[in-house]
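Single-structure report; data block below.
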Amino acid sequence: MQLTKDTFFYIALFLVPGFIMNNAYSTFVPQRILDQQTAILRFLSFSFLTFACSYWYMYEKVEEKYWLHHPLLWILLLATTIIILPYLMGAFLGIATSKDWLRKLFLYLRLNPVHAVPTAWDYVMVKGAYVIITLKDGRVVFGKYSGGSFASSVPEERDVYIEEQYSVEGDVWTLLDRSQGIWISKDQIQFIEFRSL
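For the sequence shown, the working numbering gives the first residue as 41, with consecutive numbering after it.
Right under this line is the structure:
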């Protein structure tokens, strides 16, 4: 396929806003890996949502051929519509989803939506907790999983980095001296228990 000016224009107009909105959304909510056709359909849907929200001011500007009299302002308006607005909308929807605002509304209305977070791993690993990780060889690792920790959201790489490692005697957790955390590969993890911070 040859990339003409028209093709480039339509890609920019109909896919870029959706791509930007999807990336902003994905910053807050882990996503399932989509095949190419589904991803393009999602980008188009998000782009149309963006244009539905901007229609009221864009239609008037197009009708009066705003770009002829105000080319610089027109470029700023397009940048706002194609880049800034989709990013803000995606970020808002991502935050609303991660805080379960929409899910709570649907449940209040007695609707049972599919959860937006694809796996239990992704759901639980965004919250801070003390963790007890039992390894496949029987060893147990005690640690604190919070802001400085990391868990991969890539399905094939479910490794975890715990920012603080502890030794435990009875109910007393003691931070190990000079601990800078511990990394554990997915192949070593049997299961993880979570305790409130």
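From the three backbone atoms N, C-alpha and C, an ideal C-beta is built for every residue, glycine too.
Just to confirm my understanding: we take residue i, look at its own chain, exclude 5 residues before and 5 after, and list those with CB closer than 8 Å. What are they?
i, result
"MET98", "PHE91, LEU117, THR121"
"LEU84", "PHE54, LEU55, GLY58"
"GLN228", "LEU175, LYS176, ASP177"
"TRP114", "LYS101, TYR106, TRP107"
"ILE80", "LEU55"
Keeping to the same chain, check which residues put their C-beta closer than 6 Å to that of residue i; ignore five residues upstream and five downstream.
i, result
"GLY130", "MET61, ALA64, TYR65"
"VAL208", "PHE182"
"ALA191", "MET165, VAL200"
"SER189", "TYR201, ILE202, GLU203"
"TYR127", "ILE60, ALA64"
If I follow the unbroken alpha helix (DSSP H) through residue i, where does it start and stop?
i, result
"THR90", "76 to 103"
"LEU147", "141 to 148"
"ILE115", "111 to 119"
"ALA156", "Note, ALA156: premise wrong, no alpha helix (DSSP H); not H, not E."
"THR137", "125 to 138"
Based on the DSSP secondary-structure assignment, which residues constitute the bridge partners of residue i?
i, result
"ARG235", "TYR170"
"TYR238", "Residue 238 lies beyond the residue range present for the chain, which begins at 41 and ends at 237; the question has no answer from this structure."
"TYR201", "PHE190, TRP223"
"ILE229", "LEU175"
Hey, quick one: how far does the beta strand (DSSP E) through residue i stretch, first residue to last?
i, result
"GLY183", "180 to 185"
"ILE60", "No beta strand (DSSP E) contains ILE60, which is instead part of the alpha helix (DSSP H) from 56 to 68."
Indicate whether residue i and residue j have their beta-carbon atoms separated by less than 8 Å.
i, j, result
"ILE202", "VAL171", "yes"
"SER94", "LEU133", "no"
"ARG162", "SER193", "Before going further, note that residue 162 is Asp rather than Arg in the sequence given. It is a contact, given that the beta carbons lie within the stated cut-off."
Kindly list the residues whose CB is nearer than 7 Å to the CB of residue i, restricted to its own chain and excluding five residues on each side of it in sequence; keep chain order.
i, result
"LEU215", "GLU204, TYR206"
"PRO153", "ARG143, PHE146"
"TRP223", "ASP199, TYR201"
query = Is it a yes or a no for the stretch 98 to 117 touching the stretch 161 to 172, going by three-plus beta-carbon pairs under 8 Å?
reply = no
request  = Would you check if the stretch 217 to 233 and the stretch 186 to 206 touch, i.e. whether three or more CB-CB distances between them fall below 8 Å?
outcome  = yes
request  = Could you tell me whether the stretch 154 to 161 touches the stretch 69 to 80, using the rule of 3 or more Cβ pairs below 8 Å?
outcome  = yes
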